[in-house]
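Each remark here refers to the structure printed beneath this line.
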Amino acid sequence: MSADRPIADAVIAEIGETPLLPAHLTPALVSEQVTSVTERPARLGWWLYFGVSLMFLGVLAVSVSYLFWEGVGVWGNNSPVGWAWDITNFVWWIGIGHAGTLISAILFLFRQRWRTSINRFAEAMTIFAVICALLFPLIHVGRPWHIYYTLPLPNQMGMWPNFKSPLLWDVFAVGTYFTVSLLFWYVGLIPDLATARDRAKSATRKRVYGFAALGWRSSNRHWRNYERAYLILAALSTPLVLSVHSVVSFDFATSVIPGWHSTIFPPYFVAGAVFSGFAMVMTLIIIARQVYGLKEIVTIKHLELMSKIMLVTGSLVGFAYATELFVASYSGNEYERYAFTNRATGPYWWAYWIMLTCNVLVPQLFWLERLRTSLPVMFVVSILINVGMWFERFVIIVTSLHRDYLPSSWGYFQPTIVDVGCFVGSLGLFFTLFALFLRWVPQVAMFEVKAILPGAQPRQRQDPHGEHHAQPALAVEEA
Amino acid sequence: MTSARAVSTRPVLLLAQFETPDEVIGAAERVRDAGYQKWDVHTPYPVHGMDTAMGLSDSRLGWIVLGSGLTGLLLAVSMMQWMNGYDYPLVIGGKPPEAYASMVPIMFELTVLLAALGATFGMFVLNRIPRHHHPVFYSERFEACSNDKFFISIEAEDEKFDPNATRAFLDGLEPSHVELVEETV
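Protein chains in written order, with our numbering: chain A, 1 to 479; chain B, 480 to 664.
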């Protein structure tokens, strides 16, 4: 709490803002509410959730084993639709991951304090989503045991990867993204693992959390380097996240397929990624806060702010759709025009209209405050958005491929049961990892929430040896 | 563990506990002004202005990250130039084997990758972690530090350290508790 508190309070009252966190929340209460989840026996709800997730993970295991036994031909992909659900799933999962980085890095750089309650969930989601994403190209190469060919390793043929290929850029971009997200997540976890270690009653817990906490002793000499490391990681992740989805979009944009060959793809893909990622964070967080009673740490206000971001990014995506249609008609290129008319009215018209409804129309509900603060509405909308974003990738990939330049090569893609099994199974993998995260890892960045509680920072002081330390006078989010 | 009387012990540090960030930052300024060198402040979260209160210089981590990032860039350029331009020239899309433009994405990615590794492991090196055996952990009270309490520790190795005088000095800072942490010899 700073000395200019009354001014900040007056400003908060004047602009009609409500405090972000309830006034009675103390640092000890934050530790208790967050860490106790990992200490007490799991609730029945968690076992149900974990059990169902595990069942779907089993579906993945069966589908992938069958696929490896028989070959990729058990998927519905065939000429001319050589990329179908697999690459749709890849792009969809990568996109979901991006909101995690956005929340943890970009909102950190913009000093959006409300991120502290949700960034841990979001970062965990990033890592699990990227794991699911990597699964699909790995299978799609057909011989996954040869995946190391994508890496510049010396081999008996004396050949090297083609560094001019966007597919190879993908390997580096997604590989870097996974590594950096993991580092960012772990660095953020260290002080909270120390809290779990210090609260531990059993020797095993003390050892496991203690080992992971690296002997963190909350030292200010450490915090100095730690905060700098965190800032640098955030500053590195921000351009990285934009580059990753841009590189993913280059897989399409650098080809000569009508509907793919477009310079709008990088920003359009990034906006879509943020959009779907926020929706996924919202779905997960609504469940977690209901199950674990974290309603005081993740408030309706947090969810409302996320709804607003979804409204903005959803409208950006809608604008991109409109731009694509305009460019197709204005370009005068008959193939381009055909590709877009065919998307909206051709054999896959239903996918196009599902996409448009879920991504552009549904988020417009969030213009109304009553709807963007209602849990059931937010929950349903967040799921619909992810359905819509999955269809967006499906529309881009499949409708562009099923009409070749030669009408004799035209085709219609139909998924097989193994396609469905792999997709549903990847959801199982994601939710299983998330269940384990909720059970064993502090799910809210406790030390960051503690640092923004009222009274957590010293009053404004004048130090003869140093500069003047003051809290920003208009920290509206600060309760 | 702090009172292992059966064997001979020697003091390693004095630990003073504070309840609020205002108290601890005021106390830290006085420890700094008293001229101690081997001492530290332990706070459950980073406290604004504590670096100045302790008289600490800016973190040097940025230089490590700059170095590792540039290494990544150099590695990417030389790797791609050598592999695709010299060792096994590949002409793709009619572009010269050593075309730089198509190498930009991987140059960027490797720069970021090595910079991030440098930021993380550089921070570990500067902080000398992992280190699981620091004497502050001998204190049971210190477990509250990662929850909501604030501590100042002065190490016995400090030149100005004197078990009685330093303790009296710490008592004068009005902590809620002062503890002598000892280790067995």
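We put the beta carbon where it would ideally sit given N, CA and C, even for glycine.
**Prompt:** Would a check of beta-carbon distances place Asn162 of chain A closer than 8 Å to chain B?
**Reply:** At a cut-off of 8 Å between C-beta atoms, Asn162 of chain A counts as an interface residue with respect to chain B.
Margin query: So for Ile633 of chain B, helix, strand or coil by DSSP?
Written below: In the three-state DSSP reduction, Ile633 of chain B falls in the strand class (E or B).
Q.
Once DSSP output is grouped into helix, strand and coil, what is the label at Pro490 of chain B?
A. Assignment of Pro490 of chain B by DSSP, reduced to helix, strand and coil, places it in the strand class.
- Message: Suppose you measure from the CA of Phe184 of chain A to the CA of Ala234 of chain A; what does that come to, to the nearest Å?
- Response: About 8 Å.
message: Considering only the alpha carbon of each residue, which of B:Thr645, B:Glu661, B:Trp561 lies closest to Pro154 of chain A?
response: Closest option to Pro154 of chain A, Cα to Cα, is B:Trp561.
What are the uninterrupted segments assigned as alpha helix (DSSP H) that are 4 or more residues long and contained completely in the stretch 34 to 101 of chain A, given in chain order?
Every unbroken stretch of the alpha helix (DSSP H) spanning 4 or more residues and falling wholly within the stretch 34 to 101 of chain A is given here in chain order: 44 to 70, 85 to 101.
Val30 of chain A and Met355 of chain A closer than 8 Å at C-beta:
Judged by beta-carbon spacing, Met355 of chain A lies beyond the 8 Å limit of Val30 of chain A, meaning their Cβ atoms are not closer than that value.
### Query
With 16 as the cutoff for other CB atoms within 10 Å, does Ile417 of chain A come out buried or exposed?
It counts as exposed.
Check your understanding: By the 10 Å Cβ neighbour count, where 16 or more other Cβ atoms means buried, how is Gln414 of chain A classified, buried or exposed?
Key -> Exposed, since its Cβ has fewer than 16 Cβ neighbours within 10 Å.
ask   = If you drop the 5 nearest sequence neighbours on each side, which residues of the same chain put their C-beta closer than 6 Å to that of Val526 of chain B?
value = Answer for Val526 of chain B: Pro500, listed in chain order.
### Task
Consult DSSP for Asp419 of chain A and reduce its assignment to one of helix, strand or coil.
Here Asp419 of chain A sits in helix by DSSP.
Exercise. Go to Glu304 of chain A, then tell me how far its alpha helix (DSSP H) extends in each direction, as first and last residue.
Key: First-last of the alpha helix (DSSP H) with Glu304 of chain A: 300 to 331.
request  = Could you run through the stretch 623 to 650 of chain B and flag, in chain order, every residue whose CB is less than 7 Å away from some CB of chain A?
outcome  = Cβ contacts with chain A come from Cys624, Ser625, Asn626, Asp627.
Can you give me the C-alpha to C-alpha distance between Tyr567 of chain B and Met157 of chain A, rounded to a whole angstrom? Answer to the nearest angstrom: the Cα atoms are 11 Å apart.
Using CA atoms only, rank isn't needed, just tell me which of A:Ser426, A:Trp85, A:Val187, A:Arg459 is closest to Arg55 of chain A. For the sequence presented, residue 55 of chain A should be read as Met rather than Arg. Nearest option by C-alpha distance: A:Ser426.
Original post:
Considering only C-alpha positions, which residue in the set B:Ala644, B:Phe640, B:Ile631, B:Asp637 is nearest to His656 of chain B?
Top reply: Minimum Cα distance to His656 of chain B is reached at B:Ile631.
- Query: By the criterion of Cβ-Cβ separation under 7 Å, what are the contact partners of Lys450 of chain A in chain B?
  - Reply: The contacting residues are Pro523, Tyr524.
**Asked** Mind listing which residues of the stretch 221 to 236 of chain A have their C-beta closer than 8 Å to chain B's C-betas, in chain order?
**Response** Those would be Arg221, His222, Trp223, Arg224, Asn225, Tyr226, Glu227, Arg228, Ala229, Ile232, Leu233, Leu236, in chain order.
| Is the CB of Met480 of chain B under 8 Å away from at least one CB in chain A? | In this prediction, Met480 of chain B scores a pLDDT of 49, lower than 50, which makes its location untrustworthy; no coordinate-derived value is stated.
- Query: Where Asp650 of chain B and Val441 of chain A are concerned, what is the direct C-alpha to C-alpha distance, given to the nearest angstrom?
  - Reply: When rounded, the distance between both Cα atoms is 38 Å.
Our contact map puts Gly314 of chain A next to Pro363 of chain A with C-beta atoms below 8 Å; I'd like the distance itself, whole angstroms only. About 3 Å; that satisfies the 8 Å criterion.
- prompt: Taking 8 Å as the CB-CB cut-off, is Val247 of chain A touching chain B?
  reply: Chain B contact via Cβ: present.
Inset, instruction - Could you say if the stretch 601 to 612 of chain B and the stretch 550 to 558 of chain B meet the contact criterion of at least three C-beta pairs nearer than 8 Å? - result: The stretch 601 to 612 of chain B is not in contact with the stretch 550 to 558 of chain B.
* Identify the residues that DSSP records as bridge partners of Trp518 of chain B: which are they? -> DSSP, once it has assigned bridges, lists B:Ile633 as partnering Trp518 of chain B.
Quick one: list the residues of chain A neighbouring His611 of chain B, beta-carbon separation under 7 Å, in chain order.
By Cβ distance, chain A contributes Gly210, Gly215.
- Task: Give a yes or no on whether the minimum CB-CB distance between Val180 of chain A and chain B is below 8 Å.
- Result: Interface residue (Cβ-Cβ distance to chain B less than 8 Å): Val180 of chain A is classified as such.
Practice item. Return helix, strand or coil for Gln457 of chain A, following the three-state DSSP convention. Key: Gln457 of chain A: coil per DSSP, three-state reduction.
Do you know how far the Cα of Ser117 of chain A is from the Cα of Leu569 of chain B? C-alpha separation (whole angstroms): 50 Å.
message = Using the three-state DSSP reduction, which class does Ala213 of chain A fall into: helix, strand or coil?
response = Looking at Ala213 of chain A - three-state DSSP - the assignment turns out to be coil, as it is neither helix nor strand.
At a CB distance below 9 Å, what residues from the stretch 106 to 121 of chain A approach chain B? Give them in sequence order. Under the 9 Å Cβ criterion, the stretch 106 to 121 of chain A contributes no residue.
On the three-state DSSP scale, how would you describe Ala479 of chain A?
Confidence at Ala479 of chain A is low in this model, with a pLDDT of 35, below 50, so its placement is unreliable and the value that follows should be read with caution. Three-state result, Ala479 of chain A: coil.
Neighbourhood of Leu305 of chain A by C-beta, 7 Å cutoff - its chain only, sequence neighbours within 5 removed: Around Leu305 of chain A: Trp114.
### Message
Beta-carbon within less than 6 Å of Phe430 of chain A's beta-carbon, same chain only, minus the 5 sequence neighbours each way: which residues are those?
### Response
Counting only Cβ-Cβ distances below 6 Å, and skipping sequence neighbours, we find Phe128, Cys132.
**Same chain, Cβ closer than 7 Å to His302 of chain A, five either side skipped, listed in chain order** = Its chain contains Trp114, Ser117, Ile118 as the residues whose beta carbon lies nearer than 7 Å to that of His302 of chain A, once the 5 sequence neighbours on both sides are disregarded; these appear in chain order.
- Message: Quick test of your reading: Ala483 of chain A and Met280 of chain A, contact by CB under 8 Å. State the CB separation rounded to the nearest angstrom.
- Response: With chain A running from 1 to 479 in the structure shown, residue 483 of chain A is simply not present.
- Quick one: is Glu588 of chain B near chain A, going by C-beta distance under 8 Å? Glu588 of chain B counts as touching chain A.
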